[in-house]
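Chemist: Below is one structure. I have some questions about it.
What follows is the structure in structure tokens.
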């Protein structure tokens, strides 16, 4: 689940819908974290008050749905940033299951917050690593979130121009989005033989 919002104006909120497909009530807690994303999607979650969630806790009856509102209330941004909405199932107290093991879930969704002036810009290049293995490096050099599936990637290699689209890269890339200043590097040997 991925949603994008603006940092200012009417577009600062979005909605997520959660449906209880089970036969028992579903208690949930909804929290948010700011994502610090590094090279190749290494993620660290940080506490934040930039996003407001309503309601923060819900009890969804069996077969019913609940809409969750997420609104950006932080400061204006110079570049897009990434947040994680975390939906955690809470234990349901039951007298008949005192000694039972409960399987609880935790699901994360992405929320991207972008300034209205955000611009797509990226570079792609193939270089050899210390083992002389060719690697494709894609870098988000803009101020917007780059959705990797919406672009093609052109490189020069041994005097030839190579161009790859998402269908060719999907199996080797470990993610679908790059935040500003993030890079992804993958082995390019199989790509160069296409």
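Numbering (this note's numbering), first residue to last: 572 to 765.
For glycine and all other residues, C-beta sits at the position ideal for the given N, C-alpha and C.
None of these values were measured; they are calculated from a predicted model.
Considering only the beta carbon of each residue, do residue 713 and residue 686 sit closer than 8 angstroms?
Modeler: Not closer than 8 angstroms, so no.
Chemist: Just the C-alpha distance for residue 646 and residue 622, rounded to the nearest angstrom, thanks.
Modeler: Rounded to the nearest angstrom, the two C-alpha atoms are 11 angstroms apart.
Chemist: If contact is defined by three or more beta carbon pairs under 8 angstroms, each pair taking one atom from either stretch, is the region 648–658 in contact with the region 591–603?
Modeler: Yes, the region 591–603 is in contact with the region 648–658.
Chemist: Which same chain residues, not among the five before or five after residue 681, have their C-beta less than 6 angstroms away from its C-beta?
Modeler: If we look at residue 681 and ignore the five residues flanking it on each side, its Cβ neighbours are 573.
Chemist: Does residue 688 pass the burial test, meaning 16 or more other C-beta atoms within 10 Å, or should it be called exposed?
Modeler: Looking at its Cβ environment, which holds fewer than 16 other Cβ atoms inside 10 Å, residue 688 is exposed.
Chemist: What residue does the alpha helix (DSSP H) around residue 616 start on, and which one ends it?
Modeler: From DSSP, residue 616 is part of no alpha helix (DSSP H) but of the beta strand (DSSP E) over 614–617.
Chemist: Whether or not the region 751–761 and the region 691–711 are in contact is what I'm after, with contact meaning three or more pairs of Cβ atoms, one per stretch, closer than 8 angstroms; do they touch?
Modeler: They touch, by the three-pair rule.
Chemist: Using C-beta distances below 6 angstroms, list every residue in its chain close to residue 631, excluding the 5 sequence neighbours before and after it, in chain order.
Modeler: For residue 631, where only same-chain residues beyond five positions count, the Cβ hits under 6 angstroms are 591, 597, 637.
Chemist: Shorter than 8 angstroms from the beta carbon of residue 764 to some beta carbon of chain B?
Modeler: Note that chain B does not occur in the displayed structure, where there is just one protein chain.
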